[in-house]
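S.K.: Residues in the sequence shown are numbered from 0 upward in steps of one, following numbering that gives the first Met the number 0. The C-beta atom is built at its ideal place from N, Cα and C for all residues, glycine as well. Quick caveat, the model's predicted, so the values are computed rather than measured. One structure follows; several queries about it will come next.
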Amino acid sequence: MPRRTAVLVAAAMVLLTALLGLPASGDDGTTDGPSARETPSPPGQRAFGRTPYESRLLSSRGESVNIEAVTGRQDRPNVIVLMMDDMRDDDLQFLPNVKRLIRDQGVRFTNTFSAHPLCCPARASFFSGMYSHNHQVWSHKAPYGFKVFDDSRTLPVWLHGGGGYDTVFMGKYLNGYGRMPLPDGSPSSLRYVPPGWTDWRAAVDNARETGIKHLQGGTYRFFDTTLSNNGKVEPHQGRYQTQLFSDITQDVIRREARGTKPFFIEAAFAAPHVGSPREKDDPKPFRRSDGWKQTWQNPARPKYVKGRFDQRITQVPTFLGEADVADKPVFLQSQPPLVEDEWEAILEDYRQRVESLSVVDDEVANIFETLERTGELDNTYVMFTSDNGFFLGEHRRRQGKILPYDPSLRVPLVMRGPGIPAGEARRDPFLMIDFVPTILDAAGVAIPGDLDGVSMLDVARNGDRGWRRPIFTESGPRQLSEDTLERVSLLERENGPSSLRFSQGVRTGRYLYVEHASGEKELYDMRRDPYQFESVLDRPRYRSVQRTLAAELDRLRTCSGPSCSAPLPRELWTKNPVRRVGFDPVTGARTTS
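In structure tokens:
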């Protein structure tokens, strides 16, 4: 009989088997294992089944059979990106489902960096494949933010227009969306749907113009999020945001699995970013020795995760607070050392952040269960990452990001999918600007030639090539990027490397070299000093490498397209880059991995 008829008959037999309640035989003649849900889960937590992936979908498991999924309808892969907000790279140790379902079934990039470690600029780089000096989103605040981002040349535009993908966005977009005017000057973005998206479910920033109280939830109101459902303002009062985003994501996967097109989904969670409402166990404000009232901001969590890590997270890295900051820029020198009460507050902040992430981890299991049940798992790339890192007392930074040190620059990245080996690590650098070309490459869509980033798909599949390209770091003007988490605001100055870009630097596999608009400079040899404690600027043995790094930084300030990824001078190539460093949250001991 014709091949298509034979395939449909086989699919029908699977359906009949399911309807009759008969055991389904595997390829090796065995039957399916125990139900994935036979073990009760804690409230709000539904565990993904640990049985091997099966292409058939059984109605006895609560899902209708998808004939097209059974017959293998797609010749191109799906892509799902799970984006966190302010998640540190070392937070990954607390997410067992992410590790089991993504890392252990794929690769972990151990040197992934957010070149501009601030939410809005980093996300603009994710969508555009460009550094901040090319996409011009310098801050999350006016006059920058959402309203200056050119969204006509972005990942969804290329995937949908050039590749025929269904493209779905869920969650946090660019800061100011829904509140700021549009880039073309139109007064409101509340009902705006950016080009390229076939399904748009973005959180809006406080939709006050509606005049309706229940529509005024915001991106960081964890139990009161207002979404733009393809331009229609939609309230979700009383729903915990992470679970809401997960449920919608799973609904979209089920819908897309019934379609004929490959799909791209970005689910952008707000955790573990600070947010409301305030909770009783939040750390209390503290009056520092310099008279500054230090306030602590934390994410809100559902009750069932509160206290989940109290016995596991018992230490914070107090040794990272630095006793001597004389070699640091003046805006860090002015910060007094942290005292015991502050370290206790950071310990509580650390626990609350991880508790909020553990809800995401629960939902990752549910998303994977849906991928399995719809038959899409084996044909889907899944990437789990964050927009930037976060300080927890390092370099006397109580909270926050923005600065070009590893706790702020470094983000997690694990990915799995067709052709990617299981359980391996990659040490070559992966930047926020690399997501666009990597995803387009995976989708078989032409990569625009003017992107600053490069595809890392071949590295993911076949292994490292060696750290040969630079990581350019930059941050916006401090009077704009300043937020409630930092006190000192140095005004723009005419002298220095840039009045607009306050801090610029170049990161290699061994060195970090930074120049600030204040005229101050820093140089760290992370082979000898992985925690970036002691600047070796102007020391005789480093003069040659310092000159080389300074010249490379000058080249990168205005780089565009392929020039941004041009190889470093050969003396800066690193075959074995510095290992990731961290600490054990139980013992407080220093660790490397």
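Per the contact definition of three or more C-beta pairs closer than 8 Å, is the stretch 416-431 in contact with the stretch 143-163?
M.R.: Output reads no: the stretch 416-431 does not touch the stretch 143-163.
S.K.: Tell me which same chain residues have a C-beta within less than 6 Å of the C-beta of R107, skipping the five on either side of it?
M.R.: Residue mapping note: residue 107 aligns to position 108 of the sequence shown, counting from 1. Excluding sequence neighbours, R107 sits near V413, A424.
S.K.: What residues in its chain sit with their C-beta under 6 Å from that of R604, if we drop five residues either side in the sequence?
M.R.: Look at the range of the chain in this structure, 0 to 592, and you will see that residue 604 is not part of it.
S.K.: Restricting to runs no shorter than 3 residues, where is the beta strand (DSSP E) found entirely within the stretch 141-208?
M.R.: You should have 165-170, 198-202.
S.K.: Nearest CA to the CA of V156: which residue from C119, L117, W196?
M.R.: Sequence index remark: in the sequence shown, residue 156 carries index 157 (1-based). Of the candidates C119, L117, W196, the one whose C-alpha sits nearest the C-alpha of V156 is W196.
S.K.: Going by C-alpha to C-alpha distance, which of G465, P298, G475, E519 sits closest to T507?
M.R.: Mapped onto the sequence shown, residue 507 falls at position 508. Of G465, P298, G475, E519, the residue nearest in Cα terms is G465.
S.K.: Taking F429 as the reference, which of D85, R87, T259, N110 has the closest Cα?
M.R.: Along the sequence shown, one-based indexing puts residue 429 at 430. Of D85, R87, T259, N110, the residue nearest in Cα terms is N110.
S.K.: CA-CA distance, D204 and R178?
M.R.: The residue you call residue 204 lines up with position 205 of the sequence shown. The residue you call residue 178 lines up with position 179 of the sequence shown. Rounded to the nearest angstrom, the two C-alpha atoms are 6 Å apart.
S.K.: Three or more C-beta pairs under 8 Å: does that hold for the stretch 563-577 against the stretch 447-455?
M.R.: yes
S.K.: Given E519, which residues of its chain have a CB within under 8 Å of its CB, disregarding the five upstream and five downstream residues?
M.R.: If you number the sequence shown from 1, residue 519 lands on position 520. Same-chain partners within the cutoff: P328, V329.
S.K.: Are the beta-carbon atoms of S534 and E521 separated by less than 8 Å?
M.R.: For the purposes of this step, residue 534 is taken as the residue at position 535 of the sequence shown. For the purposes of this step, residue 521 is taken as the residue at position 522 of the sequence shown. For S534 and E521, yes; Cβs fall inside 8 Å.
S.K.: Does the beta-carbon of H394 have 16 or more other beta-carbons within 10 angstroms, so that it is buried, or is it exposed?
M.R.: As a first step, residue 394 is located in the sequence shown; it is residue number 395 there, counting from the start. Classification for H394: buried.
S.K.: Please tell me whether L548 and V505 are closer than 8 Å, where the distance is taken between their beta carbons.
M.R.: Here residue 548 refers to the residue found at position 549 when the sequence shown is read from its first residue. Here residue 505 refers to the residue found at position 506 when the sequence shown is read from its first residue. Going by C-beta atoms, L548 is nearer than 8 Å to V505.
S.K.: Could you tell me the alpha carbon to alpha carbon distance between D150 and F318, rounded to whole angstroms?
M.R.: Sequence index remark: in the sequence shown, residue 150 carries index 151 (1-based). Sequence index remark: in the sequence shown, residue 318 carries index 319 (1-based). Straight-line Cα distance between these residues: approximately 43 Å.
S.K.: Which of helix, strand or coil does DSSP assign to N634?
M.R.: This structure leaves residue 634 out entirely; the chain is present only between 0 and 592.
S.K.: Secondary structure at N133, three-state DSSP: helix, strand or coil?
M.R.: By 1-based counting over the sequence shown, the position of residue 133 is 134. In the three-state reduction of the DSSP assignment, N133 falls in the helix class, which pools H, G and I.
S.K.: If we ignore side chains and look at the alpha-carbon of each, how far apart do R460 and H213 end up?
M.R.: Here residue 460 refers to the residue found at position 461 when the sequence shown is read from its first residue. Here residue 213 refers to the residue found at position 214 when the sequence shown is read from its first residue. Counting only the Cα atoms, H213 lies some 47 Å from R460.
S.K.: Along the beta strand (DSSP E) that carries I264, what are the first and last residues, could you check?
M.R.: Here residue 264 corresponds to residue number 265 of the sequence shown, with the count starting at 1. Its beta strand (DSSP E) spans residues 262-267.
S.K.: Quick check on the DSSP output: the alpha helix (DSSP H) that includes S245 runs from which residue to which?
M.R.: In the sequence shown, counting from the first residue as 1, residue 245 sits at position 246. Taken as a continuous stretch (DSSP letters only), the alpha helix (DSSP H) holding S245 covers 240-256.
S.K.: Leaving out five residues on either side along the sequence, give the residues of the same chain with a beta carbon under 8 Å from the beta carbon of G475.
M.R.: In the sequence shown, the residue the question calls residue 475 occupies position 476. H115, L117, P120, S131, W137, S138, Y143, L499, R500, F501.
S.K.: I need the DSSP call for F582, collapsed to helix, strand or coil.
M.R.: As a working note, residue 582 is residue 583 in the sequence shown. In the three-state reduction of the DSSP assignment, F582 falls in the strand class.
S.K.: Please confirm whether E362 has its beta-carbon closer than 8 Å to some beta-carbon of chain B.
M.R.: Protein chains in the displayed structure number just one, and chain B is not present.
S.K.: Less than 8 Å between the CB atoms is what I'm expecting for P271 and D85, so what's the real figure, rounded?
M.R.: In the sequence shown, counting from the first residue as 1, residue 271 sits at position 272. In the sequence shown, counting from the first residue as 1, residue 85 sits at position 86. With 8 Å as the limit, P271 and D85 qualify as a contact, their Cβ atoms being about 6 Å apart.
S.K.: Tell me, please, whether the stretch 289-296 touches the stretch 244-251 by the rule of three or more beta-carbon pairs shorter than 8 Å.
M.R.: no
S.K.: Skipping 5 residues on each side, what residues in its chain have a beta carbon closer than 6 Å to that of P610?
M.R.: Since the displayed the chain opens at 0 and closes at 592, residue 610 lies outside it and no answer follows.
S.K.: Would the stretch 262-277 count as touching the stretch 328-346 if we require 3 or more Cβ pairs under 8 Å?
M.R.: no
S.K.: Looking at the structure shown, is A565 part of a helix, part of a strand, or coil, going by DSSP?
M.R.: Sequence index remark: in the sequence shown, residue 565 carries index 566 (1-based). Correct three-state label for A565: coil.
S.K.: So I79 packs on T384, CB below 8 Å; how close in whole Å?
M.R.: On the sequence shown, residue 79 is found 80 positions in, with the first residue counted as 1. On the sequence shown, residue 384 is found 385 positions in, with the first residue counted as 1. With 8 Å as the limit, I79 and T384 do not qualify as a contact, their Cβ atoms being about 12 Å apart.
S.K.: So if DSSP puts S355 in a beta bridge, which residue, or which two residues, is it bridged to?
M.R.: Here residue 355 refers to the residue found at position 356 of the sequence shown. Answer by DSSP bridge pairing: none, since S355 is not bridged.
S.K.: Does DSSP put W466 in a helix, a strand or coil?
M.R.: Locating residue 466 in the sequence shown gives position 467, counting from the first residue. The answer is strand: DSSP assigns W466 an E or B state.
S.K.: Among the residues of its own chain, which have a CB less than 7 Å from the CB of G163, if the five just before and after it don't count?
M.R.: The residue you call residue 163 lines up with position 164 of the sequence shown. Result list for G163: K260, in chain order.
S.K.: For F93 versus F308, is the C-beta spacing smaller than 8 Å?
M.R.: Locating residue 93 in the sequence shown gives position 94, where the first residue counts as 1. Locating residue 308 in the sequence shown gives position 309, where the first residue counts as 1. Result yes, Cβ atoms of F93 and F308 sit closer than 8 Å.
S.K.: Checking the sheet assignment: what are the DSSP bridge partners for L100?
M.R.: Residue numbering aside, residue 100 sits at position 101 when the sequence shown is read from its first letter. Beta-bridge pairing links L100 to no other residue.
S.K.: Helix, strand or coil for V505? Go by DSSP, reduced to three states.
M.R.: Locating residue 505 in the sequence shown gives position 506, where the first residue counts as 1. Reduced to three states, the DSSP call for V505 is strand.
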